Each structure stands twice: as structure tokens, then as C-alpha cells.
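Visitor: In full-length UniProt numbering, the protein residues as written are 1 to 84.
1) Expressed to the nearest angstrom, what Euclidean distance is found between the alpha-carbon atoms of residue 56 and residue 29?
2) Grouping DSSP H, G and I as helix and E and B as strand, with all else coil, what is residue 91?
3) Beta-carbon within less than 8 Å of residue 59's beta-carbon, same chain only, minus the 5 sequence neighbours each way: which residues are those?
4) Just to confirm before moving on: does the CB-CB distance between residue 72 and residue 51 stay below 9 Å?
5) For residue 35, count the other beta carbons within 10 Å of its own beta carbon; 16 or more makes it buried, fewer makes it exposed. Which is it?
6) What does the Cβ neighbour count give for residue 69, buried or exposed, with the cut at 16 atoms within 10 Å?
Encoded structure:
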């Protein structure tokens, strides 16, 4: 059975959550890019460093999520093989 289409967001429905739109890792990377840019523009080396740290943290979250997805795929594949 196909999945129902999501309802449009109106004043009477709840808006989409951030996690539905963007992963936590991607959000950290975006936030980090912004901080780094602001730090460069203002000469604030600390803010620039915070931005780079946020980007690295986002990359680590994305990598960890990818490993989890692959592990789930392997276990799903093994279960299918057991069913045969």
C-alpha cells in the first residue's frame, strides 16, 4: 500500500520538524559555515574556529549516521537470506 502524501502545513497543522528536512550533521555543517564566515568578516578568530569545529562535528555525525544505515542494510539483507 503506498504511503499517504504529507498534509500541507497550515495554521491548523503542525509544521515539519527540522529533522524531516535536514540531518543534524548537515545542520551543524551549515551553522559552522555561517560562523566561520562571520568570524572571517569581523576578524573574530574564535568565532571562525567555532565554525570550523561545528563543521567537523557535522561531518562526524553524518559519518556515524552512514555507518548505522549500512549496518541496518546488512542485517536486513541477512534476514532476507534467512527467509529463503
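We put the beta carbon where it would ideally sit given N, CA and C, even for glycine.
Owing to the predicted nature of the structure, the values given are computational and were not obtained by experimental measurement.
Guide: For this structure:
1) The residue you call residue 56 lines up with position 56 of the chain shown. The residue you call residue 29 lines up with position 29 of the chain shown. Between the alpha carbons of residue 56 and residue 29 lies a gap of roughly 7 Å.
2) An answer regarding residue 91 cannot be provided, because it is not within the stretch 1 to 84 covered by the chain.
3) For this step, residue 59 is matched to residue 59 along the chain shown. Answer for residue 59: 25 and 29, listed in chain order.
4) As a first step, residue 72 must be located in the chain shown, where it is residue number 72. As a first step, residue 51 must be located in the chain shown, where it is residue number 51. No, Cβ-Cβ distance for residue 72 and residue 51 is not below 9 Å.
5) The residue labelled residue 35 in the question sits at position 35 within the chain shown. By the 10 Å Cβ count, residue 35 comes out buried.
6) Position 69 of the chain shown, counting from 1, holds the residue named residue 69. Exposed: under 16 other Cβ atoms inside 10 Å.
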